[in-house]
Amino acid sequence: MTTALALACFAGASNAAITALHDRNTSVNVNDSGTLAGMTDFVVDGVDNLFLQGFWFRTAGMNNEANVGTLPLTGISAIDTNPFIDARVDTLALQYSGAGFTIEPTWTVRGGANGSGTGDVLETIVIRNTSTSGAPLAISFFQYSDFDLNGSVTDDSVEILGPLFNTARQTDGQASLSETVVTPQPTRWQVDSFPNMVNMLNDGVVDNLSNNAGPIGPGDLTWAFQWDFVIPAGGSVSINKDKRVVVPTPGVMSLLALAPLTLCRRRR
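The sequence shown begins at 47 in our numbering and counts up one residue at a time.
See the structure below:
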């Protein structure tokens, strides 16, 4: 048995594709291309907790931020890393190539037991300076997150925890939790109401996060981290994150009752 259930490497990609990752009670979908590319679903025991988590970047000389999905997609690998527990594809690695750099995000899903209400996504983003001129790469990298915990939209609270401001904690009542621990420490951070930050990242001008750590809520809320790097020629940096969702499991009927809220969210 091989763990490589699907593997393809290629130069360029013209059409967006959705890759589904699964492990035990947890599944995610990743959209690899476009202005809103990123992880678009995070389902734990049948409850979808995510609208969008995406990555944006800005290099020196750019007059705006851009989603990484607007770069040429030059590599993709989708594999299963724990075949003896769950034989489905659970890990996706993508490579995007710009002028003198690559951005390589990887997602790995680690689910809990069925009915446990817990699920994890491990994420690593590697940024490489591939310039042949010997010049350093100055780049700002953004992670934007729009979670709707427990499948509901307007009742979440969120804050970025000090003193390092490298952990985002989002709650929905007493039972739901999304927590992300990131290294290295972000340069900047922000919590805000939807759609303020995603509009800012797509507004066509240079923006930086405000360092508003909150807490804010309840409401339809988002949060983001920003890293500012100067990477020497031939060098790289790595961002590592662990995202965990815990949802209540009161029974199938109450979970189904949340579906109309989720559908409304998708239409906004």
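Glycine residues also receive a C-beta, built at the ideal position from the N, C-alpha and C atoms. Quantities reported herein were computed from a predicted structural model and do not represent experimental measurements.
In chain order, what residues of the same chain have a beta carbon less than 8 Å from the beta carbon of residue i, not counting five sequence neighbours either side?
i, result
"ARG311", "Residue placement at ARG311 is poorly supported in this model, since its pLDDT is 45, which falls under 50; the coordinates still yield a value, given next. The residues are PHE97, ASP194, VAL199."
"ALA62", "ASN77, ASP78, SER79, GLY80, ALA83, GLY115"
"GLY208", "ALA259"
Tell me the residue span of the alpha helix (DSSP H) that contains residue i.
i, result
"VAL244", "242-247"
Using a Cβ-Cβ cut-off of 7 Å (strictly less than) and excluding sequence neighbours within five positions of residue i, which residues of its own chain qualify?
i, result
"MET47", "For MET47, the pLDDT reaches just 34, beneath the cut-off of 50, and the residue's location in the model is therefore unreliable, although a value from the coordinates is still provided. Only PRO129 meet the Cβ criterion."
"ALA279", "ASN175, SER177, GLY180, ALA181, PRO182"
"SER162", "ASN71"
"MET246", "ASP253"
"ALA133", "ASP126"
List the endpoints of the continuous beta strand (DSSP E) containing residue i.
i, result
"GLU169", "164-175"
"ALA83", "Premise fails: ALA83 is in no beta strand (DSSP E) and is neither H nor E."
"VAL293", "Careful: VAL293 lies outside any beta strand (DSSP E) and carries neither H nor E."
"ARG215", "213-218"
"GLY157", "147-157"
"PRO264", "262-265"
"ALA66", "64-69"
"ASP202", "202-207"
"ALA181", "Run containing ALA181: none; DSSP gives neither H nor E here."
Relative to the alpha-carbon of residue i, which residue among the options has its alpha-carbon at the smallest distance?
i, options, result
"SER224", "ALA214, SER177, PRO230", "ALA214"
"ASN71", "THR86, ASP94, MET85, LEU82", "ASP94"
"ILE125", "ARG174, THR152, GLY144", "THR152"
"GLY121", "TRP269, PHE101, ASP132, TYR142", "TYR142"
"GLY92", "GLY263, ASP266, THR164", "THR164"
"SER73", "ASP166, ALA145, THR127", "ASP166"
"GLN99", "VAL293, LEU267, SER256, GLY161", "LEU267"
"LEU210", "GLY197, GLN216, THR233, SER222", "THR233"
"ASP202", "GLN189, ASN212, ASP218, ASP132", "ASP218"
"LEU255", "GLN216, ALA106, GLN189, ILE262", "GLN189"
"PRO261", "GLY157, GLN216, VAL155, VAL292", "GLN216"
"ILE149", "ILE277, VAL291, ARG290, VAL292", "ILE277"
"ILE131", "THR105, GLY158, LEU117", "GLY158"
Between residue i and the rest of its own chain, which residues show a CB-CB distance below 6 Å, the 5 nearest in sequence each way excluded?
i, result
"PHE187", "PHE103, TRP273"
"ASP288", "LEU168, VAL227"
"PHE275", "ILE185, VAL283"
"ASN75", "ILE64, ALA66, THR86, ASP87"
"TRP269", "SER191, VAL204, ALA214, VAL237"
Within the chosen definition, does the stretch 239-252 reach the stretch 99-114 through at least 3 CB pairs nearer than 8 Å? yes
Quick check: the stretch 128-142 against the stretch 64-80, are at least 3 beta-carbon pairs closer than 8 Å? yes
Does the stretch 272-291 come close enough to the stretch 224-239 that 3 or more CB-CB pairs lie under 8 Å? yes
Taking the runs of the beta strand (DSSP E) that are 3 residues or longer, which of them lie wholly in the stretch 78-143? 84-90, 96-105, 119-125
Does the structure place the stretch 232-241 close enough to the stretch 170-177 that three or more beta carbon pairs sit under 8 Å? no
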